[in-house]
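Just so you know, we're using the numbering used here here: the sequence shown kicks off at 1425 and counts up by one.
Heads up, the beta-carbon is just placed ideally off N, CA and C, and yes, glycines get one too.
It should be emphasised that the depicted structure is a prediction, and the values quoted were computed from it without experimental measurement.
Below you'll find the structure, written out as structure tokens, and then a few comments.
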Amino acid sequence: MPPADESLVTTRAHTCAKCSSLITDNKCIGCDGRRCKKWFHYKCAGMKYVEVQTIGSVIGARWFCPSCDEQECDLASRLTNAVENMRSSLGKQMESLINKLKLDLVSEFIISEKSQPEAKPSFADTLKSTKTEPVLIVRPVSKQDCSVSKTEIKSRVDIAKLSVGVSNVREGKEGTLIIGCEDNVGREKLKNEIEEKLENKYEVRVPESMLPRIRLNGCKDMNGVADDEVVKTIIQQNNLKIGKGVMKVITRLHNKFFKDENIILEVDPATKDKIFSMGKLKCGWCIVDVKDHIHIRRCYKCNEFLHLAKDCKNKSRCARCGEVGGHSDKDCSAEEVKCCNCNDANVKFNLRLDTNHKAYDLNCPTYLTKVRRKLRQVKVSN
1425 MPPADESLVT TRAHTCAKCS SLITDNKCIG CDGRRCKKWF HYKCAGMKYV EVQTIGSVIG
1485 ARWFCPSCDE QECDLASRLT NAVENMRSSL GKQMESLINK LKLDLVSEFI ISEKSQPEAK
1545 PSFADTLKST KTEPVLIVRP VSKQDCSVSK TEIKSRVDIA KLSVGVSNVR EGKEGTLIIG
1605 CEDNVGREKL KNEIEEKLEN KYEVRVPESM LPRIRLNGCK DMNGVADDEV VKTIIQQNNL
1665 KIGKGVMKVI TRLHNKFFKD ENIILEVDPA TKDKIFSMGK LKCGWCIVDV KDHIHIRRCY
1725 KCNEFLHLAK DCKNKSRCAR CGEVGGHSDK DCSAEEVKCC NCNDANVKFN LRLDTNHKAY
1785 DLNCPTYLTK VRRKLRQVKV SN
């Protein structure tokens, strides 16, 4: 609608769209419909003159005839519906995209987790977590293959009827079996049953538990001191009350470079607990760290375990790449590092051990298996 005052005055004649009479004064109003542009007497439009004046005085005010008003309302309604539909559609699309993004993130996380290598137990973890295992050693009177021993014992002993839990069965030499049991009660039941059912064919015994061994690292003031005096000094200087407990020197490993020695002590479980609760020990004119000592024999010729190089009948193997003969690990130029022991275990037992390490790595899976087995033989209480 034209601006105030001017909107009510027309410079040319208009015909009222309602009464078809010529509009001769300025008391009229024009429709602002897009294609309408019709004029009306204010009375024909059903209005009061003051209303016409008010509309004309408001900037931006528009007036529509009934026909255009209906069309504008319909258009506004359709636009409102379209906006609501669009908003609903966009909302659903956004929800779908957010759900898809969540699924993608979850999938990515799962794939990432699966692609991460599983946490491997370290040497320190193994020392902390391994529990004593009740073991039974079954040795045939006559030499035979271990498979024969297994078959015979399993056929004669009803393990289910005994209600005994067997954690593992390992093979030893000349048909010997090392049977790990769930507890001491079960071990005793199994021992009695084998002796009864296979009398005179097998020697069955419970191995003696080993006392714990600890290592005192870097003792600088004990060179030349007798073993008994070393023990006496440690007990007195640290106020250890071991009573009927045990403490004795097993061996002493001299270090020429640092001019000190590592002293290996055998102690009873209670004494070990006291020492480890202290963290360190006073030893003469120094304070030393205390560690668990687990010694696994390893051949420096073939790099296998449980025998020494002087007794080795195997060919030499590189500790770095596992190649038989030819060079040592110091001279090895192979691109791939491969532990010969873990590789042998993978081939023999169809395992999937990590082989990307040297044979003497303290975190070698095969070495840690040997450590766990030895730890299971160590006494944990007096």
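At the C-beta level, leucine 1525 and valine 1581 stay beyond 9 Å of one another. Rounded to the nearest angstrom, the Cβ distance from arginine 1639 to histidine 1717 is 4 Å, consistent with a contact under 8 Å.
A Cβ-Cβ contact shorter than 9 Å links tyrosine 1466 with cysteine 1452. When DSSP states are grouped into helix, strand and coil, threonine 1675 belongs to the strand group.
Secondary structure note for serine 1445: it is in no beta strand (DSSP E), with a DSSP letter that is neither H nor E.
Annotation: the continuous alpha helix (DSSP H) that includes leucine 1586 extends over 1583 to 1586. At a Cβ-Cβ threshold of 9 Å, leucine 1614 and isoleucine 1602 do not count as neighbours. When the five nearest sequence neighbours on each side are left out, the beta carbons in the same chain lying within less than 6 Å of the beta carbon of alanine 1758 are those of Cys1745, in order along the chain. Annotation for phenylalanine 1773: the continuous alpha helix (DSSP H) segment containing it runs 1764 to 1773. Closest by C-alpha distance to cysteine 1764, out of Val1474, Thr1779, Met1634, is Thr1779.
Per DSSP, reduced to three states, the secondary structure at asparagine 1505 is helical. The stretch 1658 to 1745 contains, as complete alpha helix (DSSP H) runs of 4+ residues, the segments 1693 to 1702 (chain order).
Distances from the CA of asparagine 1770 to each of Gly1484, Ser1573, Thr1790 were compared; the closest alpha carbon is that of Thr1790. 9 Å or more divides the Cβ of lysine 1567 from the Cβ of glycine 1589. Residue Asp1692 holds the alpha-carbon nearest to the alpha-carbon of methionine 1671 among Gln1661, Asp1692, Ala1500, Glu1576. Isoleucine 1688 places its beta carbon 9 Å or farther from that of valine 1712. In the structure shown, the three-state DSSP call for glycine 1515 is helix. Assigned with DSSP and collapsed to three states, isoleucine 1483 falls in coil, not helix or strand.
According to the DSSP assignment, proline 1789 belongs to the alpha helix (DSSP H) that extends over 1789 to 1799. Beta-bridge annotation (DSSP): glutamate 1606 is not paired with any residue.
The stretch 1560 to 1577 and the stretch 1621 to 1636 touch, with no fewer than 3 CB-CB distances between them shorter than 8 Å. The C-beta of leucine 1521 has fewer than 16 other C-beta atoms within 10 Å across all chains shown, which makes the residue exposed.
Counting along the chain, arginine 1594 sits inside the beta strand (DSSP E) bounded by residues 1590 to 1595. Ranked by Cα distance from valine 1593, the options Arg1459, Ala1584, Cys1605 are led by Cys1605. Judged by beta-carbon spacing, arginine 1611 lies beyond the 9 Å limit of aspartate 1651, meaning their Cβ atoms are not closer than that value. In terms of CA proximity to isoleucine 1699, Asn1662 leads the group Asp1498, Lys1668, Asn1662. In this chain, the alpha helix (DSSP H) harbouring arginine 1580 covers 1570 to 1580. Within the same chain, Glu1685 come within 7 Å of histidine 1678 by CB-CB distance, once the 5 residues on both sides are set aside.
In terms of CA proximity to cysteine 1766, Lys1782 leads the group Lys1680, Asp1755, Lys1782, Glu1653.
Rounded to whole angstroms, isoleucine 1561 and valine 1802 show a C-alpha spacing of 16 Å.
Proline 1564 carries a strand assignment under DSSP once its states are collapsed to helix, strand and coil. Residue pairing by DSSP places cysteine 1643 opposite Glu1685 in a beta bridge.
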